[in-house]
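See structure below.
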Amino acid sequence: MGATSQERYAVVSCHVERPLDDAVWERFSALQEKHPGGFAIAALMRPADSSSGEDESRWLDRAREAAARGPLGHHTHWTAPDHARPTNGDPALRVRTEGARIGALGLGPTLFCGGGWYTDADVAEACAELEYVDCTPRATRPLYLAEGECWALLSSPARVQLSSGRILRAIPTTHSLGDIGRALLRRRPLPGVVHVYFHDTDLVDRRRRTLIQALLPLLARRATATDLDALAAAMPDDQPVVTWDDVARL
Ligand SMILES: [Zn+2]
Numbered sequence: 046m047g048a049t050s051q052e053r054y055a056v057v058s059c060h061v062e063r064p065l066d067d068a069v070w071e072r073f074s075a076l077q078e079k080h081p082g083g084f085a086i087a088a089l090m091r092p093a094d095s096s097s098g099e100d101e102s103r104w105l106d107r108a109r110e111a112a113a114r115g116p117l118g119h120h121t122h123w124t125a126p127d128h129a130r131p132t133n134g135d136p137a138l139r140v141r142t143e144g145a146r147i148g149a150l151g152l153g154p155t156l157f158c159g160g161g162w163y164t165d166a167d168v169a170e171a172c173a174e175l176e177y178v179d180c181t182p183r184a185t186r187p188l189y190l191a192e193g194e195c196w197a198l199l200s201s202p203a204r205v206q207l208s209s210g211r212i213l214r215a216i217p218t219t220h221s222l223g224d225i226g227r228a229l230l231r232r233r234p235l236p237g238v239v240h241v242y243f244h245d246t247d248l249v250d251r252r253r254r255t256l257i258q259a260l261l262p263l264l265a266r267r268a269t270a271t272d273l274d275a276l277a278a279a280m281p282d283d284q285p286v287v288t289w290d291d292v293a294r295l
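Here the numbering used here is used: the first residue of the sequence shown is 46, the next is one more, and so on.
What follows is the structure, encoded as structure tokens:
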């Protein structure tokens with residue numbers, strides 16, 4: 046599925062930050078069910094945080110529901126449910142521990158996205174070990190990151206060679222809602238693979254919910270609507286490889 050000027054594909058993911066908040070979950074479920082614009086929206090779900098008293102069995106029910114409606118991913122908030130980026134500890138260990146727990150619960154997430162766009166060489170290794178396709182790389186620098194904060198830069202899907210020799214497949218996140226709104230309304234050029242993301246919490250804001258429902262059908266007119274699993278399955282094995290050092294940014 047190499048994108049040429051004639052072929053453009055678009056995928057959509059949602060960072061499910063508050064999977065145990067009933068009002069937020071209800072909105073997300075309804076949207077994912079609806080397939081706006083023909084998109085199977087990937088649920089990149091933050092696991093239940095038992096140290097914060099979150100109910101894992103309710104979380105599991107919801108993760109299964111999401112997995113039945115679209116691609117399922119693992120979204121790590123390293124510090125706390127409401128604090129995405131790491132402030133201490135071993136970020137890769139957290140990904141491995143959460144990934145092992147999600148697997149033990151019988152789920153098979155295929156995607157990953159680091160909270161607050163954080164990633165590093167060890168987190169990338171953990172993702173490769175878990176056979177995740179990584180959506181943490183961004184096509185542009187996240188605006189809120191301070192100088193010296195780790196993130197990863199990638200403009201199109203790629204296979205990333207890690208220092209262990211493992212290959213991490215990555216499909217970068219290219220557009221926020223604001224970015225895709227401006228690009229569509231001003232008819233700006235779009236990349237060969239457009240990956241739009243939003244947060245589940247956006248859906249409780251009526252204006253943002255309406256915006257998502259309006260933009261996705263418009264996007265589907267400029268690009269073929271597909272989903273992250275289909276896109277990953279179509280990535281050729283002989284796709285050129287970049288190294289982790291090519292994508293790692295501070
Ligand atoms: Zn998040």
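Quick reminder that beta carbons are idealized off the backbone N, C-alpha and C, glycines included.
Keep in mind the model is a prediction, meaning the values are calculated, not measured.
Assigned secondary structure, residue 84 (DSSP; H/G/I helix, E/B strand, else coil): coil
Which of helix, strand or coil DSSP assigns to residue 183: strand
Residues sharing a beta bridge with residue 58, DSSP: DSSP, once it has assigned bridges, lists 87 and 242 as partnering residue 58.
Assigned secondary structure, residue 125 (DSSP; H/G/I helix, E/B strand, else coil): strand
Candidates 57, 83 and 170: closest to residue 210 by CA position: 170
Endpoints, alpha helix (DSSP H) assigned at residue 204: Careful: residue 204 lies outside any alpha helix (DSSP H), inside the beta strand (DSSP E) at 203–206.
Simplified DSSP state of residue 155, which is helix, strand or coil: coil
Proximity test, residue 244 beta-carbon vs ligand 1 heavy atom, cut-off 8 Å: yes
Cα-Cα separation, residue 237 to residue 52: Whole-angstrom Cα-Cα distance: 7 Å.
Whole-angstrom C-beta distance between residue 199 and residue 217, which should lie under 8 Å: 4 Å
Reduced DSSP category for residue 118 - H, G, I as helix; E, B as strand; rest coil: strand
Under 9 Å between C-beta atoms of residue 92 and residue 274: Remark: C-beta atoms of residue 92 and residue 274 do not approach each other more closely than 9 Å.
Burial state of residue 281 (16 or more Cβ within 10 Å): exposed
Candidates 283, 262, 125 and 65, of which the one nearest residue 57 by Cα: In this structure, 262 is the residue among 283, 262, 125 and 65 with its C-alpha nearest to the C-alpha of residue 57.
Per-residue burial, residue 286 [other beta carbons within 10 Å of its own, 16 or more giving buried]: With fewer than 16 other Cβ atoms from the protein chains shown falling within 10 Å of its own Cβ, residue 286 counts as exposed.
For residue 266 and residue 256, the rounded distance between their alpha carbons: 16 Å
Residue 119 and residue 175 closer than 9 Å at C-beta: At a Cβ-Cβ threshold of 9 Å, residue 119 and residue 175 count as neighbours.
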